[in-house]
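Undergrad: Below: one structure in structure tokens.
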Amino acid sequence: EAGVAQSPRYKIIEKRQSVAFWCNPISGHATLYWYQQILGQGPKLLIQFQNNGVVDDSQLPKDRFSAERLKGVDSTLKIQPAKLEDSAVYLCASSLGYSGGFEQFFGPGTRLTVL
Amino acid sequence: GQQVMQIPQYQHVQEGEDFTTYCNSSTTLSNIQWYKQRPGGHPVFLIQLVKSGEVKKQKRLTFQFGEAKKNSSLHITATQTTDVGTYFCAGRGAGGGNKLTFGTGTQLKVEL
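So the protein lines, in turn, are chains A and B. For the first sequence, the residue numbers in our numbering are 274 to 388. For the second sequence, the residue numbers in our numbering are 4 to 115.
As structure tokens, then:
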């Protein structure tokens, strides 16, 4: 079974530039998550989709971050404009369902460095 | 909002020694999950605990969920170099919703 795919794996940009990350979840997984993991910290949920609808985006800095999952499969996360404090690993995860305690499968992440 | 803390932040052990990490939530949890993240890797699911006082074992790993469902622990018996990594607990609030809040993590280093 193929895992969660993410691209790019690494990205270096200057502050105020824009960047986009792509995620393809495990086939059949209805729920998709984007997390931000700053070095030395646990993953922080940015946004959660159930199919193509947003379930939770309470911690997404909406003035600069946006995400979409148009066809309920793959997803993109965009930052515009980037700030120095956005330097982190952006993890995409998926799970089979929404309710209850479904385990989350994580992708390899995109390491973003903002200079 | 819900906060999940873990102690210790770091732990260095000699191979063969035991290791324990503790997880404490500011609110009651409906369930708790544990993940392991190897250096440079991504979190990988280990286990989920749902019932108050639940204890589960996976080979040398023992997971426990507190009676009040606000704390949990992971104990590794006789650590091996393959146990190196950061262990995260992740709790789901009892008040509804499906959001997992990850703990601060415990980084384990095992020396020969």
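The beta carbon of each residue, even a glycine, is placed where N, CA and C say it ideally should be. Nothing here was measured: the structure is a model prediction, and the numbers come from that model.
Looking only at its own chain, which residues have a Cβ that is under 8 Å from the Cβ of Leu343/A, when we skip the five neighbours before and after it?
TA: Reading the first sequence from its first residue, position 70 is the one you call residue 343/A. Excluding positions up to five away in sequence, the list reads Asn325.
Undergrad: Please tell me whether Thr46/B has its Cβ less than 7 Å away from any Cβ of chain A.
TA: Within the second sequence, the letter at position 43 stands for residue 46/B. Sequence inspection shows Pro at residue 46/B; the Thr mentioned does not correspond to that position. Taking Cβ atoms only, chain A reaches closer than 7 Å to Pro46/B, which makes this a yes.
Undergrad: Any C-beta of chain B within less than 9 Å: which residues of the segment 322 to 355 of chain A qualify?
TA: So the list reads Gln323, Val328, Asp329, Ser331 and Gln332, given in the order they occur along the chain.
Undergrad: So, is the C-beta of Asn109/B closer than 7 Å to a C-beta in chain A?
TA: Along the second sequence, one-based indexing puts residue 109/B at 106. Sequence inspection shows Thr at residue 109/B; the Asn mentioned does not correspond to that position. Chain A contact via Cβ: absent.
Undergrad: For Ser368/A and Ala303/A, what's the separation of their Cα atoms in angstroms?
TA: Start at 1 with the first residue of the first sequence, and residue 368/A comes out as number 95. Start at 1 with the first residue of the first sequence, and residue 303/A comes out as number 30. One C-alpha to the other measures close to 7 Å.
Undergrad: Taking Cβ positions only, does Pro316/A come closer than 7 Å to chain B?
TA: Looking up residue 316/A in the first sequence gives position 43. Answer yes: the Cβ-Cβ gap between Pro316/A and chain B drops below 7 Å somewhere.
Undergrad: Using the Cα positions of Gln36/B and Val362/A, report the straight-line distance between them to the nearest angstrom.
TA: Translated into the one-based positions of the second sequence, residue 36/B becomes position 33. Translated into the one-based positions of the first sequence, residue 362/A becomes position 89. Using only the alpha carbons, I get a separation of about 21 Å.
Undergrad: How many angstroms separate the CA atom of Ser33/B from the CA atom of Cys365/A?
TA: Numbered from its first residue, the second sequence carries residue 33/B at position 30. Numbered from its first residue, the first sequence carries residue 365/A at position 92. Ser33/B and Cys365/A: Cα-Cα distance of roughly 23 Å.
Undergrad: Name the DSSP beta bridge partners of Ser75/B, please?
TA: Reading the second sequence from its first residue, position 72 is the one you call residue 75/B. Answer is Cys26/B and Phe68/B.
Undergrad: Does the distance from the CB of Gln279/A to the CB of Gly380/A come in under 7 Å?
TA: Reading the first sequence from its first residue, position 6 is the one you call residue 279/A. Reading the first sequence from its first residue, position 107 is the one you call residue 380/A. Against a cut-off of 7 Å, the Cβ pair of Gly380/A and Gln279/A comes out as a contact.
Undergrad: Would you mind sorting His15/B into buried or exposed? The rule is 16 or more other CB atoms within 10 Å of its CB.
TA: Counted from its first residue, the second sequence places residue 15/B at position 12. Flag for His15/B reads exposed.
Undergrad: How long is the line joining the alpha carbons of Asp330/A and Leu111/B, rounded to whole angstroms?
TA: For the purposes of this step, residue 330/A is taken as the residue at position 57 of the first sequence. For the purposes of this step, residue 111/B is taken as the residue at position 108 of the second sequence. If you draw a straight line from the Cα of Asp330/A to the Cα of Leu111/B, it comes to about 32 Å.
Undergrad: Answer yes or no: do Val277/A and Ile286/A have a C-beta to C-beta separation smaller than 7 Å?
TA: Along the first sequence, read from residue 1 onward, the residue named residue 277/A stands at position 4. Along the first sequence, read from residue 1 onward, the residue named residue 286/A stands at position 13. Not in contact: Val277/A and Ile286/A (Cβ atoms no closer than 7 Å).
Undergrad: Looking at the secondary structure, which residues open and close the beta strand (DSSP E) in which Phe375/A lies?
TA: Counted from its first residue, the first sequence places residue 375/A at position 102. Where Phe375/A is concerned, there is no enclosing beta strand (DSSP E), given that its DSSP letter is neither H nor E.
Undergrad: Please list the partners that Leu364/A has in chain B, where partner means a Cβ-to-Cβ separation under 8 Å.
TA: Locating residue 364/A in the first sequence gives position 91, where the first residue counts as 1. The answer, in chain order, is His45 and Pro46.
Undergrad: Determine whether the Cβ of Phe294/A lies closer than 7 Å to any Cβ atom of chain B.
TA: What you label residue 294/A is simply residue 21 of the first sequence in a count that begins at 1. Not closer than 7 Å to any Cβ of chain B, the Cβ of Phe294/A fails to qualify, so no.
Undergrad: How many Å lie between Tyr283/A and Gly313/A at the Cα?
TA: Residue 283/A sits at position 10 when you count from the first residue of the first sequence. Residue 313/A sits at position 40 when you count from the first residue of the first sequence. So the two alpha carbons sit approximately 18 Å from each other.
Undergrad: At a CB-CB cut-off below 8 Å, which residues of chain B make contact with Gln283/A?
TA: By one-based count along the first sequence, residue 283/A stands at place 10. A small fix is needed here, since residue 283/A is Tyr in this sequence, not Gln. What Tyr283/A touches in chain B: nothing, since even the nearest Cβ is about 12 Å away.
Undergrad: Beta-carbon of Gly301/A versus every beta-carbon of chain B: anything under 7 Å?
TA: For the purposes of this step, residue 301/A is identified with residue 28 of the first sequence, where counting begins at 1. So no, Gly301/A is outside the interface.
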